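Please read the structure below before turning to the comments.
Have a look at this one:
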């Protein structure tokens, strides 16, 4: 079942490569990652938000996200990505509006709540949960769908 | 008892933190204020509902919530705390869910059981059939918050200040749903009164359908057969039924027009007044149970935009010749079946994800079954909920 899911995701990844802006090999590598690091996440999120070019590196993406204050300063590239950290990165990169609490105290906590409310994060989750490559792609796909629906 | 609830909730939270580690939790609180004004005067309710949600590894999760409340009604202030949803959800294999704790439970038609219960339920798919089993207990709830009122003993306990908990009733439930464009479902429920003397037991069989007739037309219908066994009385048979037709016109935000009919036996030949396990009210202003009633409702829900929706509905209440609802305003000498009509409009606005504002305005015009001097009943309500 897992193999079938991965195969479907790989096909989807090939179809959606232009949207994310990465190569098929990078997509395959991401799908095989059980715990995505923050640099790799930034490498996929920032180009998808058209903040960085598709050919950027994880290190450059991490530097850009850290400089903007979207990821914790000084964190190592392999630092495991949590759902709350990913949520804040996505909210800022895609310039998404949050609720009252996010407006008052923008940060990972309320960014995570916002993405759960929008059903961009689905299934069993908590803010500290780490993210595998498959889930990152699913979440990014829903963000792009949501953004497409808004435009 | 409320102090014990507070201690139990605190202990549960500390245990949870110890077991899972605070880092694995999400937590928050709902803060609400709900004033209302009607023919009964002013009522005001403040609520604080803290919650904790945790994933426990794999596909298991835990949710705990409880509600602190301060209420003004009939000129008197009351306060309290009551555990609300406290549920452990486990998914041992794909397609199977086990729920343990305090959970909301309802039968497929919403005509028998609908409310919070303690216990467990299992849901699984077997040969394409969605099967759900539940073993539930109502007697651990604060009686003020419970809607378990079935017998004279229940009513007496409700009025007795020395009784703190709801009636000790066990509900065993099994349901099977054949999914599809038109889903067919059957529910079998048995309710057992754990009190020895003056016990009242009941059993229910629910058959129903729920589905789409076309892309714009939805239909649900169900029928309930029930038998009630009360100490010292012969078994009492009763029936209840409901049907609803919904129409969703084409458009950007889906509006919905609906027509629903509900009926249950009163005292008629071999049949007796229908008795559901929970007191499921059939109106917004006039709130009788379904026994001996025919209720027709027509309404329209408009989705004005993503954040704003409005609903307007009109309901007519007709009773059977005998065995209909009890109400202090009903004329005991009247043999009229016309109980009256109700109109209700509501608005819900959620400008952002964590703020929700809702309001309602309704009135009930008593019919000829009521005493002639009965005034129109009305209610204006407002509720603001903020999620922190």
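Protein chains in written order, with my numbering: chain D, 217 to 367; chain S, -19 to 368. Quick reminder that beta carbons are idealized off the backbone N, C-alpha and C, glycines included. Given the structure is predicted, the values throughout are model-derived calculations rather than measurements.
I'd like to know whether the C-beta atoms of residue 67 of chain S and residue 28 of chain S end up nearer to each other than 9 Å. Counting from 1 along the second chain, the entry for residue 67 of chain S is found at position 87. Counting from 1 along the second chain, the entry for residue 28 of chain S is found at position 48. No.
CA-to-CA distance, residue 34 of chain S to residue 332 of chain S, given in whole angstroms: Position 352 of the second chain, counted from the first residue, corresponds to residue 332 of chain S. Position 54 of the second chain, counted from the first residue, corresponds to residue 34 of chain S. Whole-angstrom Cα-Cα distance: 24 Å.
For the region 310 to 330 of chain D, list every residue whose C-beta sits within 9 Å of some C-beta in chain S, in sequence order. 313, 314, 315, 316, 317, 318, 319, 325, 326, 328, 329, 330
Cα-Cα separation between residue 298 of chain D and residue 306 of chain D, rounded to whole angstroms: Residue 298 of chain D sits at position 82 when you count from the first residue of the first chain. Residue 306 of chain D sits at position 90 when you count from the first residue of the first chain. Each residue's alpha carbon lies about 12 Å from the other.
Taking a contact to mean a Cβ-Cβ separation below 9 Å, would you say residue 326 of chain S touches residue 291 of chain S in this structure? Here residue 326 of chain S refers to the residue found at position 346 when the second chain is read from its first residue. Here residue 291 of chain S refers to the residue found at position 311 when the second chain is read from its first residue. The answer is yes: Cβ separation under 9 Å.
Check whether the region 98 to 112 of chain S and the region 128 to 141 of chain S touch, using three or more Cβ-Cβ pairs below 8 Å as the test. no
Meets three-Cβ-pair contact criterion under 8 Å: the region 194 to 209 of chain S and the region 138 to 158 of chain S: Touching, no.
Any non-hydrogen atom of the ligand SAM closer than 8 Å to residue 36 of chain S Cβ: With respect to small molecules bound, the structure shown includes none, and the ligand SAM cannot be examined in it.
Is residue 323 of chain S closer than 9 Å to residue 351 of chain S when the C-beta atoms are compared? If you number the second chain from 1, residue 351 of chain S lands on position 371. If you number the second chain from 1, residue 323 of chain S lands on position 343. Their beta carbons are not under 9 Å apart, which means residue 351 of chain S does not touch residue 323 of chain S by this criterion.
Residue 262 of chain S in three-state terms, based on DSSP: Residue numbering aside, residue 262 of chain S sits at position 282 when the second chain is read from its first letter. Residue state, collapsed to three classes: coil.
Going by C-alpha to C-alpha distance, which of S/242, S/278, S/249 sits closest to residue 261 of chain S? Residue 261 of chain S sits at position 281 when you count from the first residue of the second chain. Residue S/242 is the option with its Cα nearest to residue 261 of chain S.
Please confirm whether residue 155 of chain S and residue 186 of chain S have their CB atoms less than 9 Å apart. The sequence position of residue 155 of chain S within the second chain is 175, counting from 1. The sequence position of residue 186 of chain S within the second chain is 206, counting from 1. In this structure, residue 186 of chain S lies closer than 9 Å to residue 155 of chain S by Cβ.
9 Å is my cut-off, CB to CB: does residue 304 of chain D come that close to chain S? The residue labelled residue 304 of chain D in the question sits at position 88 within the first chain. Answer no: the Cβ-Cβ gap between residue 304 of chain D and chain S never drops below 9 Å.
is_contact[residue 334 of chain D, chain S] using C-beta, thresh 9 Å: Residue 334 of chain D sits at position 118 when you count from the first residue of the first chain. Chain S, which has a Cβ nearer than 9 Å to the Cβ of residue 334 of chain D, makes this yes.
Shortest alpha-carbon distance to residue 359 of chain S belongs to which of S/24, S/61, S/39, S/341? As a first step, residue 359 of chain S is located in the second chain; it is residue number 379 there, counting from the start. Of the candidates S/24, S/61, S/39, S/341, the one whose C-alpha sits nearest the C-alpha of residue 359 of chain S is S/341.
Whose C-alpha, out of S/347, S/363, S/214, S/362, is nearest the C-alpha of residue 356 of chain S? Numbered from its first residue, the second chain carries residue 356 of chain S at position 376. Residue S/347 is the option with its Cα nearest to residue 356 of chain S.
Between residue 431 of chain S and residue 220 of chain S, what straight-line distance do the alpha-carbon atoms span, to the nearest angstrom? Nothing about residue 431 of chain S can be read from this structure; chain S reaches only from -19 to 368.
Have a look at the DSSP bridge pairing and note the partners of residue 157 of chain S. Taking the first residue of the second chain as 1, we reach residue 157 of chain S at position 177. Paired residues: S/110, S/165.
Go to residue 306 of chain D, then tell me how far its alpha helix (DSSP H) extends in each direction, as first and last residue. One-based indexing of the first chain puts residue 306 of chain D at position 90. Counting along the chain, the alpha helix (DSSP H) containing residue 306 of chain D begins and ends at 299 to 309.
Which residues of chain D have a Cβ atom closer than 7 Å to the Cβ of residue 291 of chain S, listed in chain order? In the second chain, counting from the first residue as 1, residue 291 of chain S sits at position 311. Correct list: empty, because the minimum Cβ distance to chain D is about 22 Å.
Would you tell me roughly how many angstroms separate the C-alpha atoms of residue 118 of chain S and residue 61 of chain S, rounded to the nearest one? Taking the first residue of the second chain as position 1, residue 118 of chain S is located at position 138. Taking the first residue of the second chain as position 1, residue 61 of chain S is located at position 81. So the two alpha carbons sit approximately 17 Å from each other.
Test: residue 291 of chain D CB closer than 9 Å to a CB of chain S: Your numbering for residue 291 of chain D matches position 75 in the first chain. No, because no Cβ of chain S sits closer than 9 Å to the Cβ of residue 291 of chain D.
So the candidates are S/50, S/5, S/266; which of them puts its Cα closest to the Cα of residue 14 of chain S? Reading the second chain from its first residue, position 34 is the one you call residue 14 of chain S. Closest option to residue 14 of chain S, Cα to Cα, is S/50.
State yes or no: is the C-beta of residue 370 of chain S within less than 9 Å of the C-beta of residue 270 of chain S? No answer is possible for residue 370 of chain S: it lies beyond the span of chain S, which begins at -19 and ends at 368.
Compile a chain-ordered list of the residues in the region 333 to 359 of chain D whose CB is closer than 7 Å to at least one CB of chain S. Interface annotation for the region 333 to 359 of chain D against chain S: 333, 340, 341, 342, 343, 344, 345, criterion Cβ-Cβ distance under 7 Å.
Residue 176 of chain S, buried or exposed, once every other Cβ within 10 Å from all chains shown has been counted against 16: Locating residue 176 of chain S in the second chain gives position 196, where the first residue counts as 1. Looking at its Cβ environment, which holds fewer than 16 other Cβ atoms inside 10 Å, residue 176 of chain S is exposed.
Integer Cβ distance of residue 241 of chain D from residue 258 of chain D, believed to fall under 8 Å: Taking the first residue of the first chain as position 1, residue 241 of chain D is located at position 25. Taking the first residue of the first chain as position 1, residue 258 of chain D is located at position 42. Between residue 258 of chain D and residue 241 of chain D the Cβ distance is about 19 Å, and since that is not below 8 Å, they are no contact.
Roughly how many angstroms lie between the CA atoms of residue 309 of chain D and residue 265 of chain D, to the nearest whole one? By 1-based counting over the first chain, the position of residue 309 of chain D is 93. By 1-based counting over the first chain, the position of residue 265 of chain D is 49. For residue 309 of chain D and residue 265 of chain D, the gap between their C-alpha atoms comes out near 6 Å.
In whole angstroms, give me the CA-to-CA distance for residue 248 of chain D and residue 337 of chain D. If you number the first chain from 1, residue 248 of chain D lands on position 32. If you number the first chain from 1, residue 337 of chain D lands on position 121. Going by the C-alpha atoms only, they are around 20 Å apart.
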